[in-house]
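Here is the structure we will look at, set down as structure tokens.
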């Protein structure tokens, strides 16, 4: 365990001694802030119109959760699809390119410790990233009265989604020594998982159900709606476990090539 | 200290190593001499536990390289042909990191880094970023990294390649100093180098 933490510490340090960490965090918060600002302005605008129309029914239907937080989390999830591959692309590919891989593989470390270390590092980075967006719901809580439970469920969904993305990124990074290939193949895999349920309605039947089950978005949407269903949590945890297992096998297999 | 029996390594159809056997005693300096592609690096990678052999056995200090890989790796220091450096770290943080992954106790890390840096003439550059160092210093950092856990076996892959004449002399005398207490295996394609050591 301490070995894994040593690796994790080294990885986290490399995010923050190079500009990568700051660029990714700034970009993420910049986009997040823009989404939040626009959603909130629109909310205010609609509220003004409904008040002017003296339409209490419509006014009652408009709430911060549905009008601001749900679309905000969906937008952030799309940004994560693009940013996470760029965070994880270095993980193994760069070690192989720079030859530092030889150092790790000849040190008294197990492959599991190396993979666990990389995972802990990216997990911590994502927590910082998503944690910083907590400012948006915090603003709403101070000046409005959104439902806290729904926010918590939505954020749990966002964290699970981001961590699933990251494990797929670790897997693609372990398959190549080229960072671009690692990032692009991760991006494609994530987009596929994101949109795989599109033909579900026309396919119907069992196939439709399967496609819908495989889709990351479907499970994420449920959680953003405020529903913490064990099925969705189990889905995310299985994606994470499977991707980490395959990463471990893939790193191990490099010895044998 | 090191015993190699009938070692064979195949990359697909190509034989990189074909049935080599040798032993190295404690305190011995052993040179691998040969042209590029002779299998020097492959042999070293097998001894250090980086990759498995196709057939044959290797024992280091009585531990089998395959069955007790972690025990062997604790006793071996390895400098690959390209020093495995993290360019964004300072020499100090790099050596501390290697000391940690090599399994040194927290209390010993400071002294191990001091000793290793002093031995390889890095005292003046400990605060410098590794990526900014010259080739000669990078090689020394690589050597310091291999020495940090005071290994009884030192495996050096072309330790003098690409260095200027003065640096080559420095590195050679360093290797001579190191050989007293430990077994050193090094590879080169320069014949006089092995004779000098």
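Protein chains in written order, with our numbering: chain A, 1 to 257; chain B, 258 to 454. Glycine is no exception: its CB is placed at the ideal position from the N, C-alpha and C atoms.
Status (buried if at least 16 other CB within 10 Å, exposed otherwise) for residue i
{"i": "residue 52 of chain A", "result": "exposed"}
{"i": "residue 211 of chain B", "result": "Absent from the structure is residue 211 of chain B, since the part of chain B shown begins at 258 and ends at 454."}
{"i": "residue 68 of chain A", "result": "buried"}
{"i": "residue 165 of chain A", "result": "buried"}
{"i": "residue 278 of chain B", "result": "exposed"}
{"i": "residue 251 of chain A", "result": "buried"}
{"i": "residue 105 of chain A", "result": "buried"}
{"i": "residue 297 of chain B", "result": "buried"}
{"i": "residue 219 of chain A", "result": "buried"}
{"i": "residue 125 of chain A", "result": "buried"}
{"i": "residue 62 of chain A", "result": "exposed"}
{"i": "residue 357 of chain B", "result": "buried"}
{"i": "residue 54 of chain A", "result": "exposed"}
{"i": "residue 293 of chain B", "result": "exposed"}
{"i": "residue 199 of chain A", "result": "exposed"}
{"i": "residue 271 of chain B", "result": "exposed"}
{"i": "residue 337 of chain B", "result": "buried"}
{"i": "residue 392 of chain B", "result": "exposed"}
{"i": "residue 307 of chain B", "result": "buried"}
{"i": "residue 41 of chain A", "result": "exposed"}
{"i": "residue 143 of chain A", "result": "exposed"}
{"i": "residue 153 of chain A", "result": "buried"}
{"i": "residue 148 of chain A", "result": "exposed"}
{"i": "residue 118 of chain A", "result": "buried"}
{"i": "residue 261 of chain A", "result": "Any property of residue 261 of chain A remains undetermined from this structure, which presents chain A solely from 1 to 257."}
{"i": "residue 258 of chain A", "result": "Because chain A is modelled from 1 through 257, residue 258 of chain A falls outside the range shown and cannot be assessed."}
Residue range of the unbroken alpha helix (DSSP H) whose run includes residue i
{"i": "residue 328 of chain B", "result": "326–332"}
{"i": "residue 11 of chain A", "result": "2–17"}
{"i": "residue 180 of chain A", "result": "179–195"}
{"i": "residue 393 of chain B", "result": "392–404"}
{"i": "residue 265 of chain A", "result": "Any property of residue 265 of chain A remains undetermined from this structure, which presents chain A solely from 1 to 257."}
{"i": "residue 343 of chain B", "result": "Neither: residue 343 of chain B is in no alpha helix (DSSP H) and is coded neither H nor E."}
{"i": "residue 105 of chain A", "result": "100–106"}
{"i": "residue 362 of chain B", "result": "Counting along the chain, residue 362 of chain B falls outside any alpha helix (DSSP H), and DSSP gives it neither H nor E."}
{"i": "residue 295 of chain B", "result": "First-last for residue 295 of chain B: undefined, no H or E at that position."}
{"i": "residue 260 of chain A", "result": "No answer is possible for residue 260 of chain A: the residues shown for chain A start at 1 and end at 257."}
{"i": "residue 201 of chain A", "result": "200–203"}
Rounded distance between the beta-carbons of residue j and residue i, thought under 8 Å
{"i": "residue 314 of chain B", "j": "residue 262 of chain B", "result": "5 Å"}
{"i": "residue 405 of chain B", "j": "residue 352 of chain B", "result": "6 Å"}
{"i": "residue 162 of chain A", "j": "residue 130 of chain A", "result": "6 Å"}
{"i": "residue 347 of chain B", "j": "residue 384 of chain B", "result": "6 Å"}
{"i": "residue 173 of chain A", "j": "residue 93 of chain A", "result": "5 Å"}
{"i": "residue 436 of chain B", "j": "residue 284 of chain B", "result": "7 Å"}
{"i": "residue 344 of chain B", "j": "residue 17 of chain A", "result": "Not confirmed; about 10 Å, so no contact."}
{"i": "residue 85 of chain A", "j": "residue 183 of chain A", "result": "4 Å"}
{"i": "residue 447 of chain B", "j": "residue 301 of chain B", "result": "About 17 Å; that fails the 8 Å criterion."}
{"i": "residue 280 of chain A", "j": "residue 7 of chain A", "result": "Residue 280 of chain A is absent from the model: chain A starts at 1 and stops at 257."}
{"i": "residue 330 of chain B", "j": "residue 116 of chain A", "result": "Going by Cβ atoms, the distance from residue 330 of chain B to residue 116 of chain A rounds to 18 Å, so no, they are not a contact pair."}
{"i": "residue 228 of chain A", "j": "residue 123 of chain A", "result": "Their Cβ separation, rounded to whole angstroms, is 20 Å, which puts residue 228 of chain A and residue 123 of chain A out of contact at 8 Å."}
{"i": "residue 299 of chain B", "j": "residue 273 of chain B", "result": "4 Å"}
{"i": "residue 197 of chain A", "j": "residue 217 of chain A", "result": "7 Å"}
Coil, strand or helix - residue i by DSSP
{"i": "residue 131 of chain A", "result": "helix"}
{"i": "residue 450 of chain B", "result": "helix"}
{"i": "residue 229 of chain A", "result": "coil"}
{"i": "residue 276 of chain B", "result": "strand"}
{"i": "residue 167 of chain A", "result": "helix"}
{"i": "residue 351 of chain B", "result": "helix"}
{"i": "residue 62 of chain A", "result": "coil"}
{"i": "residue 123 of chain A", "result": "helix"}
{"i": "residue 307 of chain B", "result": "coil"}
{"i": "residue 371 of chain B", "result": "helix"}
{"i": "residue 87 of chain A", "result": "helix"}
{"i": "residue 421 of chain B", "result": "coil"}
{"i": "residue 28 of chain A", "result": "helix"}
{"i": "residue 281 of chain B", "result": "strand"}
{"i": "residue 379 of chain B", "result": "coil"}
{"i": "residue 40 of chain A", "result": "helix"}
{"i": "residue 275 of chain A", "result": "Given that chain A is displayed from residue 1 to residue 257, the structure contains no residue 275 of chain A and the question cannot be resolved."}
{"i": "residue 323 of chain B", "result": "coil"}
{"i": "residue 336 of chain B", "result": "strand"}
CB contact check: residue i to chain D, cutoff 8 Å
{"i": "residue 178 of chain A", "result": "Note that chain D does not occur in the displayed structure, where the protein chains are A and B."}
Residue i, enclosing beta strand (DSSP E) - first and last residue
{"i": "residue 313 of chain B", "result": "312–317"}
{"i": "residue 262 of chain B", "result": "259–268"}
{"i": "residue 442 of chain B", "result": "440–445"}
{"i": "residue 412 of chain B", "result": "410–414"}
{"i": "residue 287 of chain B", "result": "286–290"}
Proximity test, residue i beta-carbon vs the ligand FAD heavy atom, cut-off 7 Å
{"i": "residue 331 of chain B", "result": "Because no ligand of any kind appears in the structure shown, any question about the ligand FAD cannot be addressed here."}
What residues in the segment 295–328 of chain B bring their beta carbon closer than 9 Å to a beta carbon of chain A? 302, 305, 306, 307, 308, 309, 326, 327 and 328
Residues of the segment 88–112 of chain A whose Cβ lies closer than 8 Å to any Cβ of chain B, in chain order: 98, 99, 100, 101, 102, 103, 104, 105, 106, 107, 108, 109 and 110
Output needed in chain order: residues of the segment 3–28 of chain A with a Cβ under 9 Å from some Cβ in chain B. 3, 6, 7, 9, 10, 13, 14, 17 and 18
What residues in the segment 356–369 of chain B have a beta carbon less than 8 Å from any beta carbon of chain A? 357, 358, 359 and 360
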